[in-house]
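**Q**
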Amino acid sequence: MKHIFLNLKRFDITPEHGGVNRLAEPAAWGEAVTSSIKDVALRYADAEFAAFLPEAHLIGAVAGAAGSPLGVGCQGVHTADTAPGGNFGAFTTLRTGNAVAQLGCTWALIGHCEERMNLRAIMGEAGAAPDAVEAAVNRVLAREVAAAQAAGLTVLFCMGEREEEVDSWEEVLTAQLTGGLEGADLSRVRVAYEPVWSIGPGKTPADAPYIQKVARLIKATLPGVDVVYGGGLKADNAQMLAGIPEIDGGLIALTRFTGEIGFYPEEYAEIVKLYLEA
1 MKHIFLNLKR FDITPEHGGV NRLAEPAAWG EAVTSSIKDV ALRYADAEFA
51 AFLPEAHLIG AVAGAAGSPL GVGCQGVHTA DTAPGGNFGA FTTLRTGNAV
101 AQLGCTWALI GHCEERMNLR AIMGEAGAAP DAVEAAVNRV LAREVAAAQA
151 AGLTVLFCMG EREEEVDSWE EVLTAQLTGG LEGADLSRVR VAYEPVWSIG
201 PGKTPADAPY IQKVARLIKA TLPGVDVVYG GGLKADNAQM LAGIPEIDGG
251 LIALTRFTGE IGFYPEEYAE IVKLYLEA
């Protein structure tokens, strides 16, 4: 099965405030996103679709996706949760798996490079050594995965090496997989590979041979787990990615990177078509 994921990061903010949301007023944005792309999920019955949005937009997004196979997911969960006879909700500022599951989410995105960067920064403020930080990040993410799965959510687990880690990519990525998914139910995990060193303006995108060797490592480490390209499925790399047998799909974010950059539903549909019909 192929998988098409959409991570809308913090793309709800309008241009006058420095954002890229030209789709709808922020209060209606979540529903506008999913209602405008759910027909794509209906069109490809043999593929799995999910969209990940900031928490404030989950209720609208679930409503917009109604009647379609488009799943809705949150962008991370807290490591602990409510439980009968236990904590009944003392989680101020935190997003728990039970909370988003009861809003209608079926997915959680965990370990995105931006989440990892934030965790590293917090631990760095405490003066932790870099090696200790990486191991701690993996342990925290493993607890997030466990909490998400305990709430009934399927996990899209992101991982990838930074520029300073390219020479030790195999060691770094293996540690992220084994540490971050320790104890997880792998039947409810999809892995997204983000080559962090190749993402962003002025960076050289990872090529097919590099992506393929990483996908092979992931599948050898976690047999049976599907791997998608998390470095950005776009119109200009869709056919290349479709030609890599070890890659089972992709993660879309922005659809337009020049001019009025942003997410455009009609361009999303075209990217999906380019990839799935390649």
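Residues 1 to 278 in our numbering are what the sequence shown lists, from first letter to last. For glycine and all other residues, C-beta sits at the position ideal for the given N, C-alpha and C.
Below 6 Å CB to CB, which residues in the same chain sit around M240 once its five sequence neighbours on both sides are set aside?
**A** A208
**Q** Whose CA, out of G179, E115, C158, Y44, lies closest to the CA of V228?
**A** C158
**Q** Going by beta carbon distance, what residues of the same chain come within less than 7 Å of R216, once the five residues before and after it are set aside?
**A** E246
**Q** Per the DSSP calculation, I252 is bridged to which residue(s)?
**A** L6
**Q** How long is the line joining the alpha carbons of I199 and G85, rounded to whole angstroms?
**A** I199 and G85: Cα-Cα distance of roughly 45 Å.
**Q** Could you spell out where the beta strand (DSSP E) holding L70 opens and where it closes?
**A** Neither: L70 is in no beta strand (DSSP E) and is coded neither H nor E.
**Q** Should K38 go down as buried or exposed, given a rule of 16 or more other Cβ atoms within 10 Å for buried?
**A** buried
**Q** Let me know the secondary structure DSSP gives Y193 once reduced to three states.
**A** strand
**Q** Run through the DSSP bridge pairs and tell me what G262 is partnered with.
**A** R256
**Q** Which two residues bound the contiguous alpha helix (DSSP H) that contains C105?
**A** Where C105 is concerned, there is no enclosing alpha helix (DSSP H), given that its DSSP letter is neither H nor E.
**Q** Once DSSP output is grouped into helix, strand and coil, what is the label at A83?
**A** A83: coil per DSSP, three-state reduction.
**Q** Hey, could you find the ends of the alpha helix (DSSP H) T154 is sitting in?
**A** Taken as a continuous stretch (DSSP letters only), T154 belongs to no alpha helix (DSSP H), being part of the beta strand (DSSP E) at 154-159.
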